[in-house]
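> Below you'll find the structure I mean.
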Amino acid sequence: MVILAKKSSVDDVIKDKRISVLTVVVFLFGLIIVARLFSFQVLQHEFYSLLASEKHDVYKQLFPERGSIYTRESESLYPLVTNRDYYLVYAEPVKIKNSGEVIDKITPILSLAEEEWQAILPKLAKKDDPYEPIKHKVTKEQTDQIKALGLAGIGFLPETYRYYPEKGIGGQIFGFVGFKDDKKIGQYGLEGYFNDELSGQSGLLQSVKDALGALVAIGPRSIRPAQDGVDLVLTIDRKVQFTACQKLKEFYEYFKASSATVIIMNPKTGAIIAMCNFPDFDPENYNQVSDINYFNNPAIFTPYESGSVFKTMTMAAALDQEKVAPDTTYEDTGEVKVGPFTIRNFDNLAHGVNTMTQVLEQSLNTGAMFAAESIGRETFQSYVKNFGFGELTGITLDKETSGDISSLAKKGDVYYLTASFGHGITVTPMQLLSAYAAVANGGQLVEPYIVSEIIKPNGEITKTQPKVIRQVIKPKTAALLSGMLVSVTEKGYDKKARVPGYYLAAKTGTARIPDSRGGYSQETNHTFIGFGPANNPQFVMLLKLEKPQGVRFASDTLGPLFRQISEFLLNYYQIPPEY
Amino acid sequence: MSKFFHLAKAMSRQPKPKIKSAKLIKFNVQVLNSVILTLVIFLGVTYLVQINGLVSQGYQIKDLEVEISQLQQAADDLRLESLGLQSMDNVQGKISQLNMVEAGPVEYLQVTPLVAVAR
Chain U
1 MVILAKKSSV DDVIKDKRIS VLTVVVFLFG LIIVARLFSF QVLQHEFYSL
51 LASEKHDVYK QLFPERGSIY TRESESLYPL VTNRDYYLVY AEPVKIKNSG
101 EVIDKITPIL SLAEEEWQAI LPKLAKKDDP YEPIKHKVTK EQTDQIKALG
151 LAGIGFLPET YRYYPEKGIG GQIFGFVGFK DDKKIGQYGL EGYFNDELSG
201 QSGLLQSVKD ALGALVAIGP RSIRPAQDGV DLVLTIDRKV QFTACQKLKE
251 FYEYFKASSA TVIIMNPKTG AIIAMCNFPD FDPENYNQVS DINYFNNPAI
301 FTPYESGSVF KTMTMAAALD QEKVAPDTTY EDTGEVKVGP FTIRNFDNLA
351 HGVNTMTQVL EQSLNTGAMF AAESIGRETF QSYVKNFGFG ELTGITLDKE
401 TSGDISSLAK KGDVYYLTAS FGHGITVTPM QLLSAYAAVA NGGQLVEPYI
451 VSEIIKPNGE ITKTQPKVIR QVIKPKTAAL LSGMLVSVTE KGYDKKARVP
501 GYYLAAKTGT ARIPDSRGGY SQETNHTFIG FGPANNPQFV MLLKLEKPQG
551 VRFASDTLGP LFRQISEFLL NYYQIPPEY
Chain D
1 MSKFFHLAKA MSRQPKPKIK SAKLIKFNVQ VLNSVILTLV IFLGVTYLVQ
51 INGLVSQGYQ IKDLEVEISQ LQQAADDLRL ESLGLQSMDN VQGKISQLNM
101 VEAGPVEYLQ VTPLVAVAR
């Protein structure tokens, strides 16, 4: 018994030792694992965290939608400028086995010109090239046709471009969206002026992606949503704009003019109803324009010596100061000597005794100088400034200029007397139209505007309120002057502008263009400005042709055009005849 | 009798055998372990089922988002097409096809108010 007892205790001791050793080994092994885990997860946490985030984290910029530009028709909005989705077709040359075959198949679908596919072909043959763009602005129909071919190494990226549903209504009002430093930016016109508001603000998406690159739905997600741009609603009437542009184009082409402009405005509010110029450009294809000067809007950008249309402003000043009346007479000897200078009428004739009304009817330079002399240089200069010349009108279009009336500050009388019939100073068509609108509006100068509403993405609408800048002339003066201008249309050279049944007030100007070598050339600018109906004007209109060929006077080139557009407007606005 | 009671009392004061309590503790620990293990397995499976369900729903959401995007794209294409059809240029082109003529000057009628004449 004792021997057995002794033997079992030795076995137990041996067993205990083995278990102890095993225990120590397992413990040491476990300790090593814990130490390694500690090293990876605590000591090198930042390194592995970064490594993981590179593979799984997604940071995506969310692009906002650029605001659209509308016109209001009754209660609904009609877009004049909106966005359209296209595609960029690109190639991954590393995946293309036969570049010639790919080019043969996609050329007819994409309508690639010979020089285009010849330029692309060698690029597709580069085996180490990961990416080559083939064509921008490809439609969905075209991409579907290419997808149906099942070509390897051809991919598509969505991209957005501006779309203009209305063709032929003028690109200079809108401007265009181009690229600057690889960023989309609006330039010229409304796109340039309101670029920040139309662009909106981009957002950011932070999330994680799976092995296929798709976002993990249940993963962490942080979104700062993009803020879309605001929408603009214009004062432009689509139908009037289309009609005015079409008719202007006919006369521009017929008289082979260098340029043409039409602006139609509501004289009481300053709302621009139509504005059109030729030559024009297509904002959808702005990169195909032959001369970048076409991007500028001559209606607001190009000042010029306006000629006889400025006599209205001179007469307004003299009437307002009560230095003359419509029937005040003067002796026209055909010329006036101002220091060493002799200034004559356009026809070099003496017309004898004429009233101030006849001065406008017959467009007598001497009569304009008579009216200007009656108020003096300083008063004349003051009225010119009050009518808004020499300063910006404030219209919300990019690249407006203010013209130049600095000669009025010069001490010699010849400067202001020359300016009295529209020479020696330069003004823009928009300034002229605003000044005439003041005459039509009881003497109140209003600020022209082309954007009637701004609609934010959240639906908030900001409406533009008509703004009266100042009372330039008394209402009585405005009424007298309107009557004189009606007489011009009824009896003067401008009879071609008459619309039977209506009293329209108007004045023409045929101004010789200054020669770069000094003096004046034989080429002319023709201007026609009028409003109607005279007793309650609903529209004021300016027409301009630069260097028209074959006809001398503006009454012959633009009188008929004024009549045609006025007839349309009187019908369109359903204005009953006055007599 | 009193000797019997004394003996009974003395016996009752004797400690209970240890083997019986050890067995009870061992039994309770085993039960607890079984319960915990079952709970762990059950919760683990439940978690896996839920996560799997969420992930598959996530893919469904993604598919629906793609479908929504395609429908929005199709609606946008139709809207742009209708804009082109409503454009003045297009309407003017259709005018001649429809043999429509330009409206001439409008004639306005004077409506004289009724006058009652007293005798």
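Which chain is which? The protein sequence lines are U and D, in order. Going by full-length UniProt numbering, the first residue of the first sequence is number 1, and it counts up by one from there. Going by full-length UniProt numbering, the first residue of the second sequence is number 1, and it counts up by one from there. Idealized CB from N, CA, C, for every residue including glycine. Quick caveat, the model's predicted, so the values are computed rather than measured.
(1) Hey, out of U:Ser482, U:Phe281 and U:Leu408, whose CA is closest to residue 596 of chain U's CA?
(2) U:Leu543 and U:Phe562: beta carbons closer than 8 Å?
(3) Can you look up U:Arg498 in the DSSP assignment and give me helix, strand or coil?
(4) Would you mind telling me which residues of chain D sit closer than 9 Å to U:Asp85, beta carbon to beta carbon, in chain order?
(5) Residues in the stretch 48 to 68 of chain D with C-beta within 8 Å of chain B's C-beta atoms, listed in sequence order?
(6) Figure out for me which residue from U:Glu132, U:Val216 and U:Pro537 has the closest Cα to the Cα of D:Gln60.
(7) Name, in chain order, the residues that DSSP records as bridge partners for U:Tyr520.
(8) When you compare the CB of D:Leu98 with every CB in chain U, is at least one pair closer than 8 Å?
(9) Comparing C-alpha positions only, which one of U:Gln206, U:Pro576 and U:Val89 sits nearest to U:Gln61?
(10) Which term fits U:Glu322, buried or exposed, when burial requires 16 or more other beta carbons within 10 angstroms of its beta carbon?
(11) Evaluate U:Gln104 with the Cβ neighbour count: other Cβ atoms within 10 Å of its Cβ, from every protein chain shown; 16 or more gives buried, anything less gives exposed.
(12) Going along chain U in order, which residues have a C-beta closer than 8 Å to the C-beta of D:Pro105?
(13) Which residues in chain U have a C-beta closer than 7 Å to the C-beta of D:Ser87? List them in chain order.
(14) Please report the Cβ distance between U:Val446 and U:Thr396, rounded to the nearest whole angstrom; I am assuming they are in contact, meaning their Cβ atoms lie under 8 Å.
(15) Going along the chain, which residues of its own chain have a beta-carbon closer than 8 Å to the beta-carbon of U:Val94, five neighbours each way excluded?
(16) So for U:Ser199, helix, strand or coil by DSSP?
(17) If we call anything under 8 Å between Cβ atoms a contact, is U:Leu232 one with U:Leu204?
(18) Is the stretch 450 to 470 of chain U touching the stretch 491 to 511 of chain U, taking contact as three or more C-beta pairs under 8 Å?
(19) Do U:Pro448 and U:Gly270 have their beta-carbon atoms positioned less than 8 Å apart in this structure?
(20) Any residues in the UniProt domain "Penicillin-binding protein dimerisation" (64 to 215) of chain U with a beta carbon nearer than 8 Å to a beta carbon of chain D? Which ones, in chain order?
(21) Can you list the alpha helix (DSSP H) stretches of 4 or more residues lying completely in the stretch 164 to 249 of chain U, in chain order?
(22) To the nearest angstrom, how far is it from the Cα of U:Thr510 to the Cα of U:Ser555?
(23) I'd like to know whether the C-beta of D:Leu37 is nearer than 8 Å to at least one C-beta of chain U.
(24) List, in chain order, every chain U residue whose beta-carbon is nearer than 8 Å to that of D:Gly84.
(25) In chain D, what lies closer than 7 Å to U:Phe242 by C-beta?
(26) Write down every uninterrupted run of the beta strand (DSSP E) in the stretch 386 to 424 of chain U whose length is 3 residues or greater and which is fully enclosed by it, in chain order.
(27) How many angstroms separate the CA atom of U:Tyr421 from the CA atom of U:Gly192?
(28) Rounded to whole angstroms, how far is the Cβ of U:Leu569 from the Cβ of U:Ala534, which I believe are closer than 8 Å?
(29) Could you check the C-alpha separation between U:Asp237 and U:Thr393 for me, to the nearest Å?
(30) Which class does U:Thr269 belong to by DSSP, given the choice of helix, strand or coil?
(31) With distances taken from CA atoms, which of U:Arg221, U:Pro303 and U:Thr329 is nearest U:Gly352?
(32) Measuring CA to CA, which of U:Leu480, U:Leu149 and U:Phe346 is closest to U:Thr312?
(33) Find out if the Cβ-Cβ distance for the pair U:Arg84, U:Leu198 is shorter than 8 Å.
(34) Return yes when the Cβ of U:Tyr383 is within less than 8 Å of the Cβ of U:Ala317, no when it is not.
(35) Look at the Cβ atom of U:Asp332, then the Cβ atom of U:Thr366, and state whether they are nearer than 8 Å.
(36) Tell me whether U:Met369 sits in a helix, a strand or coil according to DSSP, three-state version.
On the basis of the supplied data:
(1) In the structure as shown, chain U begins at 1 and stops at 579. Residue 596 of chain U is therefore absent and cannot be evaluated.
(2) For the purposes of this step, residue 543 of chain U is taken as the residue at position 543 of the first sequence. For the purposes of this step, residue 562 of chain U is taken as the residue at position 562 of the first sequence. For U:Leu543 and U:Phe562, yes; Cβs fall inside 8 Å.
(3) Taking the first sequence and counting its residues from 1, one reaches residue 498 of chain U at position 498. In the three-state scheme derived from DSSP, where H, G and I count as helix and E and B as strand, U:Arg498 is classed as coil.
(4) For the purposes of this step, residue 85 of chain U is taken as the residue at position 85 of the first sequence. In chain order: Gln73, Asp76 and Asp77.
(5) Protein chains U and D are contained in the structure displayed, whereas chain B is not.
(6) The sequence position of residue 60 of chain D within the second sequence is 60, counting from 1. When only C-alpha atoms are compared, the closest one is U:Val216.
(7) If you number the first sequence from 1, residue 520 of chain U lands on position 520. In DSSP, U:Tyr520 forms a bridge with U:Pro514.
(8) On the second sequence, position 98 is the one that residue 98 of chain D refers to. By this cut-off, D:Leu98 is not an interface position.
(9) On the first sequence, residue 61 of chain U is found 61 positions in, with the first residue counted as 1. Per the Cα distances, U:Gln206.
(10) As a first step, residue 322 of chain U is located in the first sequence; it is residue number 322 there, counting from the start. With fewer than 16 other Cβ atoms within 10 Å, it is exposed.
(11) Taking the first residue of the first sequence as 1, we reach residue 104 of chain U at position 104. The sequence shown places Asp at residue 104 of chain U, rather than the Gln named in the question. Exposed: under 16 other Cβ atoms inside 10 Å.
(12) In the second sequence, the residue the question calls residue 105 of chain D occupies position 105. Correct list: Glu567 and Asn571.
(13) Taking the first residue of the second sequence as position 1, residue 87 of chain D is located at position 87. Per Cβ cutoff of 7 Å: Pro165, Glu166 and Lys167.
(14) Translated into the one-based positions of the first sequence, residue 446 of chain U becomes position 446. Translated into the one-based positions of the first sequence, residue 396 of chain U becomes position 396. Actually they do not touch by this definition, with Cβ atoms about 14 Å apart.
(15) Walking along the first sequence from the start, residue 94 of chain U turns up at place 94. Closer than 8 Å at Cβ, skipping near neighbours: Lys127, Asp128, Asp129, Pro130 and Gly153.
(16) Numbered from 1 along the first sequence, position 199 holds the residue referred to as residue 199 of chain U. In the structure shown, U:Ser199 sits in a helix (DSSP, three-state: H, G or I).
(17) Taking the first residue of the first sequence as 1, we reach residue 232 of chain U at position 232. Taking the first residue of the first sequence as 1, we reach residue 204 of chain U at position 204. The answer is no: Cβ separation not under 8 Å.
(18) no
(19) Looking up residue 270 of chain U in the first sequence gives position 270. Looking up residue 448 of chain U in the first sequence gives position 448. Judged by their CB atoms, U:Gly270 and U:Pro448 are nearer to each other than the 8 Å cut-off.
(20) Tyr78, Pro79, Thr82, Arg84, Asp85, Lys140, Tyr163, Pro165, Glu166, Lys167, Gly168, Ile169, Ala214 and Leu215
(21) 189 to 193 and 195 to 199
(22) As a position in the first sequence, residue 510 of chain U is number 510, starting the count at 1. As a position in the first sequence, residue 555 of chain U is number 555, starting the count at 1. Rounded to the nearest angstrom, the two C-alpha atoms are 8 Å apart.
(23) If you number the second sequence from 1, residue 37 of chain D lands on position 37. Output row for D:Leu37: interface = no.
(24) Start at 1 with the first residue of the second sequence, and residue 84 of chain D comes out as number 84. Going along chain U in sequence order, the residues near D:Gly84 (Cβ under 8 Å) are Pro165.
(25) Numbered from its first residue, the first sequence carries residue 242 of chain U at position 242. By Cβ distance, chain D contributes Met88.
(26) DSSP runs (the beta strand (DSSP E)) wholly in the stretch 386 to 424 of chain U: none.
(27) As a first step, residue 421 of chain U is located in the first sequence; it is residue number 421 there, counting from the start. As a first step, residue 192 of chain U is located in the first sequence; it is residue number 192 there, counting from the start. For the sequence presented, residue 421 of chain U should be read as Phe rather than Tyr. The straight-line gap from Cα to Cα measures roughly 35 Å.
(28) Against the first sequence, residue 569 of chain U aligns to sequence position 569. Against the first sequence, residue 534 of chain U aligns to sequence position 534. That pair is no contact at about 14 Å.
(29) As a first step, residue 237 of chain U is located in the first sequence; it is residue number 237 there, counting from the start. As a first step, residue 393 of chain U is located in the first sequence; it is residue number 393 there, counting from the start. If you take the alpha carbons of U:Asp237 and U:Thr393, they lie about 21 Å apart.
(30) As a first step, residue 269 of chain U is located in the first sequence; it is residue number 269 there, counting from the start. If DSSP states are grouped into helix, strand and coil, U:Thr269 belongs with coil.
(31) Indexing the first sequence from 1 puts residue 352 of chain U at position 352. Of U:Arg221, U:Pro303 and U:Thr329, the residue nearest in Cα terms is U:Thr329.
(32) For the purposes of this step, residue 312 of chain U is taken as the residue at position 312 of the first sequence. Closest option to U:Thr312, Cα to Cα, is U:Leu480.
(33) Residue mapping note: residue 84 of chain U aligns to position 84 of the first sequence, counting from 1. Residue mapping note: residue 198 of chain U aligns to position 198 of the first sequence, counting from 1. No; because the gap between Cβ atoms is not below 8 Å, this pair is not in contact.
(34) The count along the first sequence starts at 1 and reaches residue 317 of chain U at position 317. The count along the first sequence starts at 1 and reaches residue 383 of chain U at position 383. Yes, these two residues count as a Cβ contact at 8 Å.
(35) For the purposes of this step, residue 332 of chain U is taken as the residue at position 332 of the first sequence. For the purposes of this step, residue 366 of chain U is taken as the residue at position 366 of the first sequence. In this structure, U:Asp332 places its C-beta atom within 8 Å of the C-beta atom of U:Thr366.
(36) The sequence position of residue 369 of chain U within the first sequence is 369, counting from 1. In the structure shown, U:Met369 sits in a helix (DSSP, three-state: H, G or I).
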